[in-house]
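Chains as they are written, first to last, in the numbering used here: chain R, 1 to 407; chain W, 1001 to 1290; chain B, 2001 to 2320. Even for Gly, the Cβ is constructed at its ideal location relative to N, Cα and C. The structure presented is a predicted model; accordingly, all values stated were derived computationally and were not measured. Worksheet for the structure shown next.
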């Protein structure tokens, strides 16, 4: 019985293999006709607790696909168009994996996703079975790229790099201000991303002469931050550092403002709510707040143009939009160089990519263990109802105001 | 250790937070007490009321406190109709079916909100949001003081209504003895719908009091559900005074737990109270015998 | 009766042969169906047969997932062995919660709510104590060998889920045949009457929750091994509790096949509705519509079939 099953299983594998082979051989055979589109699976949580973020990613991804196709598709493949298959992970690991399986059946050449790290971890593992490249557009956990999976690529920095760069920038800002900041309190969400970031921050702050007085973890959602504000005021730190998702970030910032918590600066690392809407709707609250995060290159004409287009649709130009957009471009570039949607060739092309992420303040792309070494976060500050980049220097659009004037 | 001043301030903060919890919990306890069901759609309906407050402010410029009577009345009608058209009709009078239906409704309502309102965080910015009263180490935000006072007043009004009015008496009769109430000629189905409506009306009021200091997303109502359950159990399922006092106790516990154990672990205080009350006094502080 | 056995045999045969012809996508869906049916059955044994409705069954699921994962990752245990430990841990937690709650005389909504609170306490603890790595979650290293409880081909996870599901059906079937099961039903229908008949209500309820806890914990380990990552909100989040309760009640609580039928129905509805939105990619943000339809279907099933889907196969309703 067992043997028989084995035989049947391998036969099933064989059948799948031959269809795949036929599929890839099929391309040259129909040269001249409209080439078959390259399918890309985009899996995001577009319903549930982080639906907004997922929808933003989907928006960026679909815009990028439109742009690639409008510009003539993948030229080395005879102008093949990219076709986006849209999946909803519903914020659930098993649903994300189900989408991977379904899209594999539909013949995707690559995946892009998943926003939440746990879903990204499981979904990319499932894709590894088929050797299908998986591009992590958002997903901060460094566990994602440290598993030795050959099919996983992350264009953006993980939280390790964000912390390192954020600490370096903070050190420089503080030094320029004469080292006024000596202590910090870190408020973070209690999940994988906030906890990981906060622990790293705590370890690295002493290197720039700042002591982390306390780590305060909070649940998602948190109903009110009054008592955190109270504790912060009683500890009187020079800096409040934050690492949390959008709603809690916003609520915390507003509470600290309303409760007149006076510190030299607010400095968040991956502060989920630091965006144009926050800055515009709460200019007083956001004034002088700083954030280390994924950000577009303000000096890039392409980025500014995309910003206008996105805002014209009534949406916000948040990092999910341009990160997923950039990932589609990274994929298109790899397809162009691979000249085929063959998974092995595509994986090779991605691994050797030197793609220029025009929208982002990145160096040239270079993947080591799937992590792009050129990826860098930017440091932003809210100034007069707008967001300015204050570091790194070569992308800066304004100078940091630190310490902030007392309330 | 901690400065006593900070502790006092924390307790005051907790007390104010408790004010909102009370309103959410009173609605839940009324629905439980009369219909004997756990309303899984509570968080979703709170969210819907919060969107109502938000859109009234955004589109018409109505201050949330001015909107209170309107939203509360609207929430009552919504709850009443929802019970009449869906919950009561589809449940075939079986409690476990009501549970499933409210669960299904919750999924539907959340996703309709997501579909029409989008997933982004909405807040309203009232001019008095930044005002506060300074009391020792405590900075008590004005909107929270208002919500605390308003929820007390609303509880008293509701309590009087339940005690004095004919409908209130009928509701209490149905809660105590369903069959008996039917026998003396009370339209039990109608009382169920009215009770559900009043429960949801409480959410409408809570939404108005919450919005000046909170935010709304399609899932933001759920943040208040577990804590409301705890209060209901603590006060005794079906008891108004219990829910009112329970709300304040939970608010303070949450604050002290946060101060002493850290905000994350501090949340455990709520669940532990919940468990201890259930184990040692399942009828709660003010509940009649189960 | 013979017809039922024949039907079951045919169903089982179909389930065994199914993955040999179906694509990986359908194998994966089948795996989910059986897995959810299995954890749903663990709920059903306590919640359906014995009438001890729980809102926090995930507490056992998470206990199992964390026990085996910690033993495996931190202490280097073989995951198969850790699986046994996980079931034991689930049984212990089940026993503990049962003794505490039933000693206090909790019933109905009160019992349901206390399980919810226990799940919440476990979630917060998992988020706070060092040996679970808190919110960072735990990653199981991918090393796809059967000895490691990891399989390259998902077909083996499918067969394992099927086996778990069949075992759970057999357990449920035994409960409809033996005295223990009869006593549970008596307790469900009227606890005081059951006591008057000389049934040790407390002991029986503790027994059933211990069994249920062990089963559910087995599901937790299965999940961890399949997806190789757990964190506090995956392992102890309210989602899984609701899922277990939902499949059982939609299928028909207190029936042998209820959880399985509920799982099939809800999984199919979710897959189909979720797919609808990708059929019309022109409409960008219609995805929530899929869950609106899902929710409406749920309400309609309850409205049309007050006894759950199993009501389709039966003439007489369970309740008088």
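| query | Should residue 1179 (chain W) go down as buried or exposed, given a rule of 16 or more other Cβ atoms within 10 Å for buried? | reply | On the second chain, position 179 is the one that residue 1179 (chain W) refers to. Residue 1179 (chain W) is exposed by the Cβ-count criterion.
| message | Using a Cβ-Cβ cutoff of less than 8 Å, which residues in the same chain neighbour residue 131 (chain R) once the five nearest sequence positions on both sides are dropped? | response | By one-based count along the first chain, residue 131 (chain R) stands at place 131. Taken in chain order, the residues that qualify are 150, 151, 343, 344, 347.
| Hey, out of B:2258, B:2286, B:2102, whose CA is closest to residue 2045 (chain B)'s CA? | Counted from its first residue, the third chain places residue 2045 (chain B) at position 45. Selected option, being the one with the closest Cα: B:2258.
| Is it right to say residue 406 (chain R) is buried, meaning 16 or more other beta carbons lie within 10 angstroms of its own, or is it exposed? | Translated into the one-based positions of the first chain, residue 406 (chain R) becomes position 406. Residue 406 (chain R) should be labelled exposed.
| field | 6 Å Cβ shell around residue 2082 (chain B) - same chain, five flanking residues per side excluded | value | Locating residue 2082 (chain B) in the third chain gives position 82, where the first residue counts as 1. Correct list, in chain order: 2068, 2071, 2072.
| query | Which residues of chain R have a Cβ atom closer than 9 Å to the Cβ of residue 2142 (chain B), listed in chain order? | reply | Within the third chain, residue 2142 (chain B) is the residue found at index 142, counting from 1. Correct list: 125, 128, 147, 148, 149.
| said: With H, G and I counted as helix, E and B as strand and the rest as coil, what does DSSP make of residue 218 (chain R)? | reply: To locate residue 218 (chain R), count along the first chain from 1; it is residue 218. Residue 218 (chain R) falls in the strand class under three-state DSSP.
| Which two residues bound the contiguous alpha helix (DSSP H) that contains residue 1166 (chain W)? | Counting from 1 along the second chain, the entry for residue 1166 (chain W) is found at position 166. Unbroken alpha helix (DSSP H) run through residue 1166 (chain W): 1166 to 1176.
| task | Quick one: grab the DSSP three-state call for residue 2305 (chain B). | result | Your numbering for residue 2305 (chain B) matches position 305 in the third chain. Coil at residue 2305 (chain B), not helix or strand.
| query | Span of the alpha helix (DSSP H) holding residue 2207 (chain B)? | reply | Taking the first residue of the third chain as position 1, residue 2207 (chain B) is located at position 207. That run of the alpha helix (DSSP H) goes 2201 to 2227.
| Helix, strand or coil at residue 290 (chain R) according to DSSP, with G and I counted as helix | On the first chain, residue 290 (chain R) is found 290 positions in, with the first residue counted as 1. Strand.
| said: Is the beta carbon of residue 2294 (chain B) closer than 7 Å to that of residue 2273 (chain B)? | reply: In the third chain, residue 2273 (chain B) corresponds to position 273, counting from 1. In the third chain, residue 2294 (chain B) corresponds to position 294, counting from 1. Yes. Within cutoff.
| task | Have a look at the DSSP bridge pairing and note the partners of residue 2144 (chain B). | result | Translated into the one-based positions of the third chain, residue 2144 (chain B) becomes position 144. Paired residue(s): none; residue 2144 (chain B) is not in a bridge.
| request: Report yes or no: is there a C-beta of chain R within less than 7 Å of the C-beta of residue 1230 (chain W)? | output: Taking the second chain and counting its residues from 1, one reaches residue 1230 (chain W) at position 230. It does not: the Cβ of residue 1230 (chain W) has no partner Cβ on chain R nearer than 7 Å.
| query | Roughly how many angstroms separate the alpha carbons of residue 141 (chain R) and residue 2055 (chain B), rounded to a whole number? | reply | For the purposes of this step, residue 141 (chain R) is identified with residue 141 of the first chain, where counting begins at 1. For the purposes of this step, residue 2055 (chain B) is identified with residue 55 of the third chain, where counting begins at 1. Straight-line Cα distance between these residues: approximately 31 Å.
| query | Within 10 angstroms of its Cβ, does residue 311 (chain R) collect 16 or more other Cβ (buried), or is it exposed? | reply | Sequence index remark: in the first chain, residue 311 (chain R) carries index 311 (1-based). It counts as exposed.
| task | Taking the CB atoms as reference points, tell me whether residue 1009 (chain W) and residue 1138 (chain W) lie closer together than 7 Å. | result | The sequence position of residue 1009 (chain W) within the second chain is 9, counting from 1. The sequence position of residue 1138 (chain W) within the second chain is 138, counting from 1. Against a cut-off of 7 Å, the Cβ pair of residue 1138 (chain W) and residue 1009 (chain W) comes out as a contact.
| request: Determine the extent of the alpha helix (DSSP H) in which residue 2191 (chain B) is found, giving its start and end residues. | output: In the third chain, counting from the first residue as 1, residue 2191 (chain B) sits at position 191. Element bounds for residue 2191 (chain B): 2191 to 2196.
| query | Whose CA, out of R:278, R:393, R:382, lies closest to the CA of residue 376 (chain R)? | reply | What you label residue 376 (chain R) is simply residue 376 of the first chain in a count that begins at 1. Out of R:278, R:393, R:382, R:393 has the C-alpha closest to the C-alpha of residue 376 (chain R).
| If residue 121 (chain R) and residue 2246 (chain B) are in contact, beta carbons under 8 Å, what's the gap, nearest whole angstrom? | Position 121 of the first chain, counted from the first residue, corresponds to residue 121 (chain R). Position 246 of the third chain, counted from the first residue, corresponds to residue 2246 (chain B). Residue 121 (chain R) to residue 2246 (chain B), Cβ: 26 Å. No contact.
| query | Given 8 Å as the limit, is there contact between the stretch 1106 to 1122 of chain W and the stretch 2290 to 2309 of chain B, that is, 3 or more CB pairs closer than that? | reply | yes
| field | Rounded separation between residue 369 (chain R) and residue 124 (chain R) - CA only | value | Indexing the first chain from 1 puts residue 369 (chain R) at position 369. Indexing the first chain from 1 puts residue 124 (chain R) at position 124. Their Cα atoms are separated by approximately 14 Å.
| task | Could you tell me which of B:2189, B:2084, B:2065, B:2120 sits nearest to residue 2049 (chain B), measuring between CA atoms? | result | Working through the third chain from its first residue, we reach residue 2049 (chain B) at position 49. For the residues B:2189, B:2084, B:2065, B:2120, the minimum Cα distance to residue 2049 (chain B) belongs to B:2189.
| request: Look up residue 150 (chain R) in the DSSP assignment and say whether it is helix, strand or coil. | output: The count along the first chain starts at 1 and reaches residue 150 (chain R) at position 150. Residue 150 (chain R) falls in the coil class under three-state DSSP.
| task | Please list the partners that residue 1264 (chain W) has in chain B, where partner means a Cβ-to-Cβ separation under 8 Å. | result | Stepping through the second chain from its first residue, residue 1264 (chain W) is reached at position 264. Near residue 1264 (chain W) (Cβ distances below 8 Å), the residues of chain B are 2124, 2127, 2128.
| field | Within 8 Å of chain W by C-beta, residues of the stretch 197 to 226 of chain R in sequence order | value | 216, 217, 218, 219, 221, 222, 223, 224, 226
| Collapsed DSSP secondary structure at residue 89 (chain R) in the structure displayed | Translated into the one-based positions of the first chain, residue 89 (chain R) becomes position 89. Residue 89 (chain R) falls in the coil class under three-state DSSP.
| query | Skipping 5 residues on each side, what residues in its chain have a beta carbon closer than 7 Å to that of residue 92 (chain R)? | reply | Numbered from 1 along the first chain, position 92 holds the residue referred to as residue 92 (chain R). Contacts found: none.
| When Cβ atoms are compared, which residues of the stretch 1001 to 1032 of chain W fall closer than 7 Å to chain R? | 1003, 1006, 1009, 1010, 1013, 1017
| Closest Cα partner of residue 1236 (chain W) within the set W:1279, W:1262, W:1253 | Residue 1236 (chain W) sits at position 236 when you count from the first residue of the second chain. Ranking W:1279, W:1262, W:1253 by Cα distance to residue 1236 (chain W) puts W:1279 first.
| query | What residues match up with residue 243 (chain R) in a beta bridge as DSSP calls it? | reply | Here the question's residue 243 (chain R) lines up with position 243 in the first chain. According to DSSP, which records beta bridges pairwise, residue 243 (chain R) is partnered with R:188.
| task | Kindly indicate which three-state DSSP category residue 267 (chain R) falls into: helix, strand or coil? | result | As a working note, residue 267 (chain R) is residue 267 in the first chain. Strand at residue 267 (chain R).
| So the beta strand (DSSP E) residue 390 (chain R) belongs to, where does it begin and stop? | Numbered from its first residue, the first chain carries residue 390 (chain R) at position 390. Element bounds for residue 390 (chain R): 386 to 391.
| query | Can you check whether the CB of residue 2020 (chain B) is closer than 7 Å to the CB of residue 2158 (chain B)? | reply | Here residue 2158 (chain B) refers to the residue found at position 158 when the third chain is read from its first residue. Here residue 2020 (chain B) refers to the residue found at position 20 when the third chain is read from its first residue. Taking 7 Å as the Cβ cut-off, residue 2158 (chain B) and residue 2020 (chain B) do not qualify as a contacting pair.
| field | Selected residue, minimal CA-CA separation from residue 2089 (chain B), among B:2064, B:2145, B:2098 | value | Position 89 of the third chain, counted from the first residue, corresponds to residue 2089 (chain B). Per the Cα distances, B:2064.
| message | Check this for me: beta carbons of residue 1102 (chain W) and residue 1041 (chain W), under 7 Å apart or not? | response | Along the second chain, one-based indexing puts residue 1102 (chain W) at 102. Along the second chain, one-based indexing puts residue 1041 (chain W) at 41. A contact, by the Cβ cut-off of 7 Å.
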